[in-house]
Amino acid sequence: MEFVSQKTLCILKPDALSRDLEDAIAEKLMAAGLQILARKEMLLSYAQAEAFYAVHKDRAFFEELCTYISSGPIVVQVLSGVEAVSKYRTLMGATNPDQAEPGTIRGDFGQSLSLNTVHGSDSLENAEKEIAFFFDPQDFYI
Ligand code: CMP
Numbered sequence: 115m116e117f118v119s120q121k122t123l124c125i126l127k128p129d130a131l132s133r134d135l136e137d138a139i140a141e142k143l144m145a146a147g148l149q150i151l152a153r154k155e156m157l158l159s160y161a162q163a164e165a166f167y168a169v170h171k172d173r174a175f176f177e178e179l180c181t182y183i184s185s186g187p188i189v190v191q192v193l194s195g196v197e198a199v200s201k202y203r204t205l206m207g208a209t210n211p212d213q214a215e216p217g218t219i220r221g222d223f224g225q226s227l228s229l230n231t232v233h234g235s236d237s238l239e240n241a242e243k244e245i246a247f248f249f250d251p252q253d254f255y256i
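Note that the working numbering has the sequence shown beginning at 115, numbered continuously upward.
Following this line, the structure appears as structure tokens:
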């Protein structure tokens with residue numbers, strides 16, 4: 115089986131920044147062999163949140179999700195590494211922190227379904243779309 119290097123999108127949500135978890139999360143990423151290729155701190159508008167999470171627009175939690183993700187600063191990062199999409203999803207843990215394994219980011223730091231600390235792309239196809247939502251190709255090199 116051939117293992118290929120991939121890129122994926124990581125978002126540190128407002129609860130990660132308000133609790134100063136950036137370094138602790140970066141350590142977990144590094145230990146898992148995931149490199150941070152590009153990074154920016156920003157405040158998403160509600161309209162940008164609606165566009166980013168459009169796939170969830172018919173879900174009951176959509177408004178809560180968009181309100182939360184636009185409620186404070188976030189950090190968006192491009193990660194790279196071997197099988198980065200699945201590797202980072204495993205490292206994040208289950209969406210609901212109550213069901214996430216200890217040692218995963220959400221298992222260790224998540225507080226609720228909304229305040230679940232991080233987002234990650236769920237497929238290679240969506241990773242490409244989500245990276246392009248936030249970054250231009252010249253923002254990173256590899
Ligand atoms: P994320 O990986 O960012 O993708 C969509 C987000 O919707 C998810 O993390 C959760 O934070 C949020 N979410 C999923 N299900 C629910 C739910 N039932 N109620 C509130 N938020 C949810």
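Beta carbons: idealized from backbone N, C-alpha and C, even for Gly.
Would you check whether the ligand CMP has a heavy atom nearer than 7 Å to the C-beta of residue 247? no
Just to check, is the beta-carbon of residue 131 closer than 7 Å to a non-hydrogen atom of the ligand CMP? Between the ligand CMP and the CB of residue 131, the shortest heavy atom gap is not smaller than 7 Å.
For residue 217, does the count of other Cβ atoms within 10 angstroms reach 16, so buried, or fall short, so exposed? Residue 217 sits exposed, since fewer than 16 C-beta atoms from the chains shown fall within 10 Å of its C-beta.
When you compare only the Cα positions, how much space is there between residue 122 and residue 209? 17 Å
Own chain, CB closer than 6 Å to residue 176, minus 5 neighbours either side, in chain order: 170
Quick one: what does DSSP say residue 153 is sitting in, helix, strand or coil? strand
For residue 140, tell me which candidate among 237, 167, 214 and 189 has the shortest Cα-Cα distance. 189
Classify residue 128 as buried or exposed, calling it buried when 16 or more other Cβ atoms lie within 10 Å of its own Cβ. buried
DSSP-derived helix/strand/coil call for residue 171: coil
Length of the line joining the Cα atoms of residue 131 and residue 181: 16 Å
The alpha helix (DSSP H) with residue 199 in it runs from where to where? Counting along the chain, the alpha helix (DSSP H) containing residue 199 begins and ends at 198–206.
Do the CB positions of residue 207 and residue 215 come within less than 8 Å of each other? yes
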